[in-house]
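Counting from 1 along the sequence shown, just add 2 to a position and that's the residue number in our numbering.
For each residue, glycine too, the CB sits at the ideal point set by N, CA and C.
Reviewing the structure listed below.
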Amino acid sequence: MAWVLLIIAGLFEVGWATAMKASEGFTRLGPTILTGVFMILSFILLSVAMKTLPLGTAYGVWTGIGAVGSALMGMFFMGESRDPVRLLCIALILSGIVGLKLTSSE
3 MAWVLLIIAG LFEVGWATAM KASEGFTRLG PTILTGVFMI LSFILLSVAM KTLPLGTAYG
63 VWTGIGAVGS ALMGMFFMGE SRDPVRLLCI ALILSGIVGL KLTSSE
């Protein structure tokens, strides 16, 4: 169950990062509120997952999901670069997430 919560927490991290970008420096009310709500939910779920998962694994996977998800959101919805080197870097982050999961004792 901790892994499911951790993945959901990572998805909320993608949500708050995306909403923060859409808030245009917290000048738009709706995205600003979403940023706060998604941040709180992400941190709560991360903290619950950390009750049973190792710190390094949980935090690494959470930030990795956030980084990869945010980069993909930027590429698919915000016109950010899809440069092959950038895609390779995303693949390296994904391999790190998988490696942390595979070497976790939980």
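Euclidean distance between Cα positions of residue i and residue j
i	j	result
glycine 76	alanine 21	12 Å
isoleucine 67	isoleucine 99	8 Å
cysteine 91	glycine 101	15 Å
alanine 24	phenylalanine 78	15 Å
valine 50	tryptophan 64	12 Å
leucine 36	serine 106	32 Å
glycine 38	alanine 19	10 Å
threonine 34	lysine 103	33 Å
isoleucine 46	arginine 84	32 Å
leucine 57	methionine 80	32 Å
Rounded distance between the beta-carbons of residue j and residue i, thought under 8 Å
i	j	result
phenylalanine 14	leucine 55	Rounded, the Cβ-Cβ distance is 16 Å, inconsistent with contact.
alanine 60	leucine 8	6 Å
alanine 4	glutamate 108	6 Å
Proximity to residue i [Cα-Cα], best of the options
i	options	result
alanine 11	Gly27, Met52 and Ala24	Met52
leucine 109	Ser106, Ala69, Met80 and Gly81	What is shown of the chain runs 3 to 108, which leaves residue 109 out entirely.
Burial state of residue i, where buried means 16 or more other Cβ atoms lie within 10 Å
i	result
phenylalanine 40	buried
serine 72	buried
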